[in-house]
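Numbering (the numbering used here), first residue to last: -18 to 348.
Written as structure tokens, this is what we have:
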């Protein structure tokens, strides 16, 4: 466990003196307030007025293309004329594809290509549409229920946007979110801030979420360096446990080291599972190069020395670093070129020449 190291400076300070010009102190949004709002709100939140929702020029196109995707999925799942592979799928068989597509979205975010990101987000959206279609065929729910549910939830949990609640910043938004969520689930008194963390989540993700929840109430380091100090401490304890040879101690200390690494990942806003996936891919890629070069010589891996394999590995690593440096330099050069490119100056529209006034016919004078 990590001791709370939050400093007093990170806490909101009270004003030194009260002034008649200042408004009365704002009453915090409590669990009782949330329970009242949830109880008085209908099961399906009334739709917000279209005039109140900011729209972009792509909103109509987005709705039209989403309807098109739903129609395509319906055709793929048609019991007579549908695709044989799509018809074989169920919610269990689709599970790995959902995770795979989510990680490919992370890959696209990492490489910085917005075109690639748009493609991968589409693949992820397909998985949501696919599962909603299967559930609809089972009679459980449809895509409309999914979209309605998240829309209603966003409105309920943003009372500072769709209601009269005032917030001072993102911290207030998160606090209100947790309070409203607890009231929605019928928890008038939450036992722990960690109750919201799923026990079935993957271990690395669960460790990240446990630390994130604890940090919201101040149980956190102040600086990244303190998290590194904790990691060094845990590594020392792991070494001691390994020397002792006591298996339970080794397992416990190894878990503490991993937990501390996850904490550092949280400080730098990096998903530890994704970071590990990237390293797995990097290791596999380089090791395959080592295998290919050794076997190309008509030799087995077992016959090659460690020095030979390391030499191929180090060369492959150097080539990858050089390629990455060249890519970054090229991207930076393009950015600088775009920044230096002068913007075209718009010429003021010339006024159209004034037409000569047409003489009006004079009325005949009365005689």
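Glycine residues also receive a C-beta, built at the ideal position from the N, C-alpha and C atoms.
Would residue i and residue j be called neighbours here (beta carbons separated by less than 7 Å)?
i	j	result
residue 234	residue 222	yes
residue 274	residue 241	no
residue 154	residue 160	no
residue 270	residue 313	no
residue 57	residue 110	no
residue 212	residue 254	no
residue 72	residue 127	no
residue 82	residue 105	yes
residue 356	residue 146	Residue 356 is absent from the structure shown; the chain starts at -18 and stops at 348.
residue 208	residue 143	no
residue 349	residue 197	Outside the modelled stretch of the chain, which goes from -18 to 348, sits residue 349, for which no answer is possible.
residue 108	residue 78	yes
residue 294	residue 266	no
Let me know the secondary structure DSSP gives residue i once reduced to three states.
i	result
residue 254	helix
residue 199	coil
residue 181	coil
residue 71	coil
residue 121	coil
residue 138	coil
residue 62	coil
residue 307	helix
residue 172	coil
residue 192	helix
residue 186	helix
residue 280	coil
residue 153	helix
residue 147	coil
residue 166	coil
residue 285	coil
residue 204	coil
residue 215	helix
residue 5	With a pLDDT of only 44 at residue 5, under 50, the local geometry of the prediction cannot be trusted, and the value read off the model is given with reservation. The answer is coil: DSSP assigns residue 5 none of H, G, I, E or B.
residue 272	helix
Could you check if residue i is buried or exposed, using at least 16 other CB atoms within 10 Å of its CB as the buried criterion?
i	result
residue 122	exposed
residue 284	exposed
residue 201	buried
residue 282	exposed
residue 220	exposed
residue 69	exposed
residue 243	buried
residue 157	buried
residue 278	exposed
residue 237	buried
residue 192	buried
residue 310	exposed
residue 164	buried
residue 100	exposed
residue 54	buried
residue 124	buried
residue 280	exposed
residue 138	buried
residue 306	exposed
residue 188	buried
residue 152	exposed
residue 299	exposed
residue 246	buried
Do we get a CB-CB distance below 7 Å when we pair residue i with the residues of chain B?
i	result
residue 165	The structure shown has no chain B; it contains just one protein chain.
Those runs of the alpha helix (DSSP H) which lie wholly inside the segment 218 to 257 and span at least 4 residues: The qualifying runs are 228 to 248.
Ranges of the alpha helix (DSSP H) found wholly within the segment 74 to 119, counting only runs of at least 4: Counting only runs of 4 or more, we get 76 to 92 and 95 to 119.
Three or more C-beta pairs below 8 Å linking the segment 247 to 264 and the segment 84 to 99: Contact annotation: the segment 247 to 264 touches the segment 84 to 99, with at least three C-beta pairs closer than 8 Å.
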